[in-house]
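Everything below concerns the one structure shown next.
Protein chains: 4
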Amino acid sequence: MGSRERRAREKEARTEHILGVARTLLLKKGLHATTVNQIAKLAELSVGTIYLYFKNKEDIFAALQEEGLMLLNQKIVAAVSAAATQQDKVRAICSAYVEFSETQSSYYDVITYFLSTSEQFFPKRLKTRIDRIGSRILIYCSHVLEAGIEAGEFRKVDARRHTIWLWGTLNGLIQFRKMEATMLQKESYRKIVQYALDNFLDTLVVK
Amino acid sequence: MGSRERRAREKEARTEHILGVARTLLLKKGLHATTVNQIAKLAELSVGTIYLYFKNKEDIFAALQEEGLMLLNQKIVAAVSAAATQQDKVRAICSAYVEFSETQSSYYDVITYFLSTSEQFFPKRLKTRIDRIGSRILIYCSHVLEAGIEAGEFRKVDARRHTIWLWGTLNGLIQFRKMEATMLQKESYRKIVQYALDNFLDTLVVK
Amino acid sequence: MGSRERRAREKEARTEHILGVARTLLLKKGLHATTVNQIAKLAELSVGTIYLYFKNKEDIFAALQEEGLMLLNQKIVAAVSAAATQQDKVRAICSAYVEFSETQSSYYDVITYFLSTSEQFFPKRLKTRIDRIGSRILIYCSHVLEAGIEAGEFRKVDARRHTIWLWGTLNGLIQFRKMEATMLQKESYRKIVQYALDNFLDTLVVK
Amino acid sequence: MGSRERRAREKEARTEHILGVARTLLLKKGLHATTVNQIAKLAELSVGTIYLYFKNKEDIFAALQEEGLMLLNQKIVAAVSAAATQQDKVRAICSAYVEFSETQSSYYDVITYFLSTSEQFFPKRLKTRIDRIGSRILIYCSHVLEAGIEAGEFRKVDARRHTIWLWGTLNGLIQFRKMEATMLQKESYRKIVQYALDNFLDTLVVK
DNA sequence: TATGAATGAGTCTTCATTCAT
DNA sequence: GATGAATGAAGACTCATTCAT
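Chains as they are written, first to last, in numbering that gives the first Met the number 0: chain A, 0 to 206; chain B, 0 to 206; chain C, 0 to 206; chain D, 0 to 206.
See below:
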């Protein structure tokens with residue numbers, strides 16, 4: 000009987016579908032302005048059905064966030080493995096991150112949306128679960144720097160702090176994308192990121 | 000007649016008062032949980048009166064943001080003038096910024112709250128007005144770098160880009176404060192900021 | 000300024016009005032089937048207005064109950080003072096109680112409705128407040144029996160227990176009114192009450 | 000073929016099973032909070048199946064009530080047959096009733112739940128069917144009193160009315176159990192029942 | 001100017017019932 | 001017979017905004 004299997008697959012497909020719609024709405028209208036009724040309508044489902052797949056409105060968005068962080072993690076790991084030198088690995092991380100913020104912009108926005116949403120919406124329970132995934136990524140990137148140091152390719156910096164610095168920088172600069180037209184005066188934020196990365200590597204690479 | 004004057008002054012005082020209350024509530028409860036009725040009650044005014052001074056709930060929070068940016072601008076200018084060397088001026092900017100984000104955390108949060116809130120809450124009209132104030136600050140900081148370059152104290156970097164890089168970094172790292180307990184593993188984000196600044200200056204200062 | 004006064008009076012009138020509508024609906028449809036929307040509609044008010052006068056659906060019905068118990072208390076006290084002999088006072092209590100259950104049947108039903116609604120709907124807080132009013136009535140009735148005993152009109156019974164017995168009996172029998180057509184086979188429950196009271200007094204009065 | 004038989008037996012067993020679950024839930028959570036989905040889950044059946052055995056949610060609870068009254072009837076008959084004197088038979092009825100209200104409190108509550116629920120939940124059709132079973136119990140008890148009168152053990156009272164009085168009293172007092180902590184001031188309601196019964200028998204027994 | 005009672009559309013969530021498989 | 005996913009009307013409650021006083 001593939002019936003049970005088919006059911007399971009359909010269930011997952013439906014879940015994905017709802018999540019997709021929710022993501023779209025969240026990013027178009029923001030967290031609070033996105034209502035369950037809207038999600039239902041856009042998903043062409045009844046409200047009740049939404050609640051069959053998710054316990055809560057909260058649950059929907061938490062799922063979205065986890066999904067996003069997982070995906071980011073994968074992208075970074077993949078990018079790093081494809082790179083040869085340690086310096087290239089660092090560049091790869093940045094590219095992966097920036098690219099993720101663009102191609103998966105919906106996910107990226109959801110993540111930062113909640114990063115900056117201090118405990119107001121999410122209960123601690125969900126917050127920490129998500130922070131943990133973030134930590135995993137952080138540790139992974141630190142390892143890359145450490146490897147570079149051990150390989151003699153990088154100077155003996157504080158790997159952890161350097162990583163946090165890099166990450167903060169990326170987050171901060173990516174946020175400026177929304178201001179390309181105004182504050183950046185039409186200069187592509189990507190060029191700024193590239194500029195920052197080059198300078199960052201200057202502090203790191205042994206010459 | 001000083002009567003008209005007095006009235007104008009009273010009007011402004013009232014406006015300030017409402018804004019103060021709104022800020023308090025916004026930061027305690029978040030944007031959505033702050034209701035006009037609450038503002039009215041805490042301000043010991045009637046709801047109607049609030050609408051006499053502000054067209055909208057939206058308007059209240061936009062005013063809050065402008066106020067905040069103005070204040071930030073002042074702080075930075077003051078900090079810079081107090082510093083002697085160009086390097087100190089840069090350090091002063093950072094301190095001022097981080098301090099502002101802590102001591103005037105209410106204002107800082109309001110600013111970033113909306114910075115990261117893509118057109119969700121504010122109509123474009125308000126957004127650009129705010130970006131413009133941001134630009135002014137940016138330009139001011141660029142001038143400090145340029146002055147340092149001209150003085151031979153700094154290397155011939157791209158002042159504008161270096162400034163944006165710095166600002167992005169600061170913003171990004173300040174956001175991590177919320178994660179001191181989790182992702183930063185109890186390390187003070189301030190130390191991270193210091194670490195980043197030292198490294199940043201390494202890319203800038205002529206040795 | 001009678002303005003503030005008038006406001007207060009209007010406010011109370013409105014409250015009464017809502018309570019009246021709520022009572023009507025509660026008794027016609029039961030607690031759960033009575034919705035705030037219905038109350039609003041029947042009261043020709045908007046839902047929001049209902050919530051201006053009552054914090055909760057719960058609050059509405061609690062108010063109803065207290066009102067009812069207060070009224071009952073008054074009726075009993077009045078009836079007792081009008082009676083001459085102790086025996087007459089006891090009869091007066093019963094009459095008052097039964098009459099209350101008929102003429103103020105709405106109130107009576109609300110009271111017993113909640114008496115029998117074990118903590119499911121009301122939080123303890125409200126339950127005990129109401130029980131307290133009930134206790135007051137109970138004590139008052141006990142005093143009548145005690146007075147009769149002291150006057151040598153009644154036998155030396157346990158006044159408190161005799162009172163509870165009487166009250167239980169009345170409650171139990173009044174409940175049968177709903178079954179006049181079926182279980183009582185068309186005999187008026189009032190006659191049954193009369194019969195019970197006569198026999199009850201036989202256990203009490205010194206002959 | 001025993002097949003048809005077996006099927007009938009299985010059907011009945013299933014019905015009993017559902018009823019059992021429904022009773023459990025009803026008493027744990029109250030009528031309104033008990034949902035058909037819950038019943039299905041606890042019964043390890045699908046919702047659809049529930050609707051195969053019962054037309055309605057209403058139907059389930061009506062069946063529950065009938066079951067309960069049947070059981071009560073049995074208990075009373077059994078208790079009476081075990082008693083020797085007529086007085087003991089009356090005491091036996093009371094004990095049986097009070098005990099039923101305690102040990103089978105689930106059933107008792109269901110019965111009174113709906114007794115006091117004027118046509119709110121049940122359509123007349125169901126109400127009268129239930130009243131009829133109640134009547135049967137009433138008549139049976141009357142017979143006990145009549146037998147006592149005929150035996151010269153009881154005074155020549157109106158057997159029917161005396162029975163209703165007794166029953167009303169029991170019901171009324173049992174309701175007070177919920178108020179042991181408050182209105183009864185920690186005195187066991189059972190003692191009150193005993194007290195009432197003793198006094199009741201005083202009006203009945205020939206001395 | 002100032003008030004604050006009133007509005008009502010809109011929020012999240014529940015649940016009895018149906019029906020295709 | 002049995003399943004359980006899907007429905008959608010209905011529930012309690014909120015809140016930005018208006019307007020008669």
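Positions of the beta carbon are idealized from the N, C-alpha and C atoms, including for glycine.
Rounded C-alpha distance that separates residue i from residue j
i: D/S141; j: D/I75; result: 12 Å
i: B/I49; j: B/D58; result: 11 Å
i: A/M0; j: A/R8; result: Residue placement at A/M0 is flagged as unreliable, the pLDDT there being 43, under the threshold of 50; the coordinate-derived value follows with that caveat. Going from the Cα of A/M0 to the Cα of A/R8 covers about 14 Å.
i: B/W166; j: A/F175; result: 10 Å
i: A/Q37; j: A/T23; result: 11 Å
i: B/R160; j: A/D201; result: 16 Å
i: B/K185; j: B/N198; result: 22 Å
i: B/A21; j: B/T33; result: 8 Å
i: B/L63; j: A/L44; result: 40 Å
i: D/H31; j: D/T84; result: 45 Å
i: A/V46; j: A/V35; result: 7 Å
i: D/R5; j: D/Y52; result: 16 Å
i: A/A82; j: A/A91; result: 7 Å
i: D/W164; j: D/Y139; result: 15 Å
i: C/Y212; j: D/A12; result: No answer is possible for residue 212 of chain C: it lies beyond the span of chain C, which begins at 0 and ends at 206.
i: B/K155; j: A/K190; result: 18 Å
i: C/N170; j: C/F153; result: 23 Å
i: C/A61; j: C/R128; result: 10 Å
i: B/K206; j: B/G29; result: 47 Å
Any chain B beta carbon closer than 8 Å to residue i
i: A/Y194; result: yes
i: A/M0; result: The pLDDT assigned to A/M0 is 43, lower than 50, so where the model puts this residue is not dependable, and the model offers no usable value.
i: A/R128; result: no
i: A/I75; result: no
Any chain C beta carbon closer than 8 Å to residue i
i: D/T202; result: yes
i: D/I17; result: no
i: D/L137; result: yes
i: D/N170; result: yes
Beta-carbon separation (whole angstroms), residue i vs residue j, contact threshold 8 Å
i: D/R135; j: D/N55; result: Contact doesn't hold; Cβ gap of about 25 Å is too wide.
i: A/K88; j: A/V97; result: Their Cβ separation, rounded to whole angstroms, is 15 Å, which puts A/K88 and A/V97 out of contact at 8 Å.
i: C/V204; j: C/Q86; result: 6 Å
i: D/E66; j: D/L18; result: 7 Å
Test item: CB-CB of residue i and residue j under 8 Å
i: A/L172; j: A/V109; result: no
i: C/D130; j: D/T181; result: yes
i: B/L70; j: B/Y112; result: no
i: B/A195; j: B/T162; result: no
i: A/A39; j: A/H16; result: no
i: A/G133; j: A/L183; result: no
CB contact check: residue i to chain A, cutoff 8 Å
i: B/G133; result: yes
i: B/H142; result: no
i: B/Q85; result: no
i: B/G147; result: no
i: B/I110; result: no
i: B/T181; result: yes
i: B/R22; result: no
Residue-level contact to chain D via CB, residue i, 8 Å cutoff
i: C/K206; result: no
i: C/T34; result: no
i: C/A58; result: Checking the sequence, you will find Asp at residue 58 of chain C rather than Ala. By this cut-off, C/D58 is not an interface position.
i: C/N72; result: no
i: C/M69; result: no
i: C/F175; result: yes
i: C/N198; result: yes
i: C/R90; result: no
i: C/R160; result: yes
Contact between the segment 91-102 of chain A and the segment 144-155 of chain B is defined here as three or more beta-carbon pairs at a separation below 8 Å; is this criterion met? no
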